[in-house]
Structure formats: structure tokens, C-alpha cells
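Trainee: Residue numbers 21 to 297, in the working numbering, belong to the letters of the sequence shown in order. Yeah, the Cβ is synthetic: ideal placement off N, Cα and C, and Gly gets one too. Below you'll find the structure I mean.
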Amino acid sequence: MDPLIKSQEPMPAKPEVVGAYLAAAGEGYALPTLRRRVAAIARACGVAGHPLDTKHPAIRETLRGIARRHGTPARRAAALTTAEIRKLSRACGTGLAGARDRALFLVGFAGALRRSELIALDVEHVTWTRNGMKLLILRSKTDAEGQGAQIAISRGQSQETCPVIALQQWLTAAEIVAGPVFRKVSRGGVVGAGRLVPDAVRQILLKRAARAGLKGTLAEPVSPHGLRAGFVTTAYRNGVPDEEIMGHTRHRSLTTMRSYVRRAKLSRESPAGKLGL
21 MDPLIKSQEP MPAKPEVVGA YLAAAGEGYA LPTLRRRVAA IARACGVAGH
71 PLDTKHPAIR ETLRGIARRH GTPARRAAAL TTAEIRKLSR ACGTGLAGAR
121 DRALFLVGFA GALRRSELIA LDVEHVTWTR NGMKLLILRS KTDAEGQGAQ
171 IAISRGQSQE TCPVIALQQW LTAAEIVAGP VFRKVSRGGV VGAGRLVPDA
221 VRQILLKRAA RAGLKGTLAE PVSPHGLRAG FVTTAYRNGV PDEEIMGHTR
271 HRSLTTMRSY VRRAKLSRES PAGKLGL
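Okay, structure coming up:
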């Protein structure tokens with residue numbers, strides 16, 4: 021660790037010390053991650069009554085230097101749009117694990133959910149309706165105060181890719197009536213009591229994507245966030261108004277929401293309906 025960092029008190033944080041921290045961490049973390057950390061440090065400083073000038077040269081120039089040294093564009097998840105979701109669904113096959121994975125992908129896509137929101141779902145958070153279901157999202161990345169939000173998911177046009185049917189089939193097959201919705205399934209077909217951990221969603225997706233022949237790129241790898249990016253891209257491609265998309269994804273910023281649109285996929289033929297499931 022940099023001696024300058026070791027010799028300083030954490031509060032009040034000095035721009036020079038934050039700059040030294042960034043320089044030390046620059047080789048091991050992506051630039052967007054470092055920027056988020058600066059924002060978090062600034063927030064903590066503000067709460068403690070010691071505002072941090074994030075535009076100070078010691079911070080700004082260090083970040084610019086890291087950007088020049090890295091010289092690579094920020095990675096973002098490949099959009100898993102309707103075509104990819106269909107392939108993933110077929111790759112799940114039969115059995116308990118397959119039923120879980122199909123429900124995981126379809127609900128994640130149709131709900132534009134983050135993986136943390138997916139694994140946090142409990143049976144008690146699902147309300148079945150005439151047209152589909154409603155999900156209660158207790159807490160999310162942009163809901164720091166934990167006010168919660170409810171989103172509606174309609175039945176799909178095809179039984180094969182209907183998120184409502186997929187979730188019902190998984191819960192019935194796994195005999196889950198309360199508690200966590202998405203759980204570990206052993207090789208022997210035993211359903212665990214606890215919820216999946218976040219990295220399990222990534223591992224499940226990569227396994228099924230490989231089986232489905234889906235490949236990402238260095239700049240746009242296959243990852244769980246691709247379900248959310250895929251929803252936004254598909255909805256945008258099908259002419260869904262910005263405010264409707266934001267209401268469903270719970271984005272607070274139009275700029276942030278539109279950053280999820282993968283332009284390379286907009287020229288493809290639009291699927292039937294808003295999502296085409």
C-alpha cells in the first residue's frame with residue numbers, strides 16, 4: 021500500500037490521498053468501478069460533514085491518466101433480446117434445474133430485473149393476476165431508501181417462452197410454496213432451502229449460453245445484466261415509449277436507460293408484439 025495512504029486518517033479525506041488510492045487501485049479495477057468508488061467516498065465524506073472536491077486535479081488527473089493507460093472501452097453486457105432468450109429457453113431442457121433456469125431467464129428478461137433482484141424474490145412477493153403476475157421488488161440499486169416497487173408481467177404469446185407459465189411450472193415442480201423463489205438444485209434433483217447467491221446466476225447463464233451457442237465479445241460479454249439490456253433494446257426496437265420503459269425498468273435517468281440500448285441490434289426485424297415472447 022502507498023505510504024501516503026497508510027499515514028493518513030480516513031476523515032476528512034484529502035483529494036491527494038484519494039488520488040493516491042486511485043493510482044494504487046488503477047491496475048486492478050476498471051475505470052467505471054473507480055469512478056463509482058470516488059462517488060461513494062464523496063458521499064461518505066458529505067455525510068460526515070467533510071465535502072470532497074471530486075474535480076480536484078489530484079483526483080481528476082489521476083482518473084484521466086488511468087483512462088489513457090487502460091486504453092480500452094468500458095465493457096458492457098451483451099443484450100439478450102428475444103431471439104437469444106428463445107435459444108436459452110430451449111437450452112434448458114427438462115428436469116428441475118432446467119425448469120428453474122428457464123424461469124430465471126424469462127422472468128429476468130420480462131421483468132428487466134437485476135440479478136440481485138431476481139435472487140431476492142420470495143413466493144410472497146408474487147401476486148398472480150388474470151393477465152399474468154405482479155412482482156414486488158423490495159429493494160434495488162436505485163432504491164437506497166428501500167421504498168420498494170411493483171412491476172407487472174403479462175403472459176407471453178408463446179407457451180414455450182411465457183414467463184408466467186415458466187415460473188408456475190418451476191414452483192410446482194420444486195414444491196415451493198413459501199420463501200425464496202430461485203434455489204439451488206443438487207445433481208440428485210434435491211431443491212435447497214436457501215436462495216441462490218448472485219454469482220450462481222452468472223454461472224447458470226454461462227452454462228446455458230454455451231449450450232445454446234451464444235457467444236459474447238470482449239467488449240460485450242454474456243452476463244446476467246444482458247437480460248435487462250435485452251429488455252430495453254427489444255422494447256426500444258418495438259417503439260415502446262421511453263416513459264413506459266423507464267416505468268418498468270425503474271430507471272430514473274433517461275440517459276442511463278438509453279445507454280442500455282444496443283444499437284447494433286436495432287436494425288434487425290422486430291419481433292411480434294412488444295417483446296415477442
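Give the list of continuous alpha helix (DSSP H) stretches no shorter than 4 residues that lie fully inside the stretch 41-126.
Mentor: 51-67, 77-90, 102-111
Trainee: State the DSSP-derived secondary structure class of PRO261, mapped to helix, strand or coil.
Mentor: coil
Trainee: Helix, strand or coil for SER174 per DSSP?
Mentor: strand
Trainee: When the Cβ atoms of the stretch 171-178 are set against those of the stretch 251-263, are three or more pairs found closer than 8 Å?
Mentor: no
Trainee: Enumerate in chain order the residues of its own chain whose CB-to-CB distance from ILE25 is below 8 Å, with the five nearest sequence positions on each side excluded.
Mentor: Caution is warranted here: a pLDDT of 43 is assigned to ILE25, below 50, making its placement in the model unreliable, and the coordinate value is therefore given only provisionally. VAL37, ALA40, TYR41, ALA44.
Trainee: Assuming HIS268 and ILE171 are in contact, meaning their beta carbons sit under 8 Å apart, how far apart are those beta carbons, in whole angstroms?
Mentor: Right, their Cβ atoms sit about 6 Å apart.
Trainee: Helix, strand or coil: which one does DSSP assign to ARG231?
Mentor: Secondary structure at ARG231: helix, using DSSP grouped into helix, strand and coil.
Trainee: Using a Cβ-Cβ cut-off of 7 Å, state whether VAL252 counts as contacting chain C.
Mentor: Note that chain C does not occur in the displayed structure, where there is just one protein chain.
Trainee: Is THR237 buried or exposed, if buried means 16 or more other CB atoms sit within 10 Å of its CB?
Mentor: exposed
Trainee: Which one or two residues does DSSP pair with LEU155 in a beta bridge?
Mentor: In DSSP, LEU155 forms a bridge with VAL146, ILE171.
Trainee: Starting from ARG215, trace the beta strand (DSSP E) in both directions and tell me its first and last residue.
Mentor: 211-215
Trainee: Alpha carbon to alpha carbon, how far is VAL58 from VAL217? Give it in angstroms, no decimals.
Mentor: Near 27 Å, if we compare the C-alpha coordinates of VAL58 and VAL217.
Trainee: Whose CA, out of LEU51, VAL67, THR82, TYR49, lies closest to the CA of PRO35?
Mentor: THR82
Trainee: Determine the direct distance from the alpha carbon of LEU126 to that of PRO183, and round the result to whole angstroms.
Mentor: 5 Å
Trainee: Hey, GLY250 and ILE105 are a contact pair by Cβ (cut 8 Å); roughly how many whole angstroms apart?
Mentor: The pair is a contact, with the Cβ atoms about 7 Å apart (cut-off 8 Å).
Trainee: Taking the beta strand (DSSP E) that VAL205 belongs to, which residues open and close that run?
Mentor: Where VAL205 is concerned, the enclosing beta strand (DSSP E) stretches over 203-205.
Trainee: Identify whether PRO244 lies in helix, strand or coil by the three-state DSSP scheme.
Mentor: coil
Trainee: For the alpha helix (DSSP H) containing ARG278, name the first residue and the last one.
Mentor: ARG278 -> alpha helix (DSSP H) spans 274-278.
Trainee: Is the beta carbon of THR276 less than 7 Å from the beta carbon of ALA99?
Mentor: no
Trainee: Considering VAL184, what are the terminal residues of the alpha helix (DSSP H) in which it resides?
Mentor: 183-194
Trainee: From the DSSP secondary-structure annotation, give me the bridge partner or partners of PRO35.
Mentor: In the DSSP output, where bridge partners are listed per residue, PRO35 has none listed.
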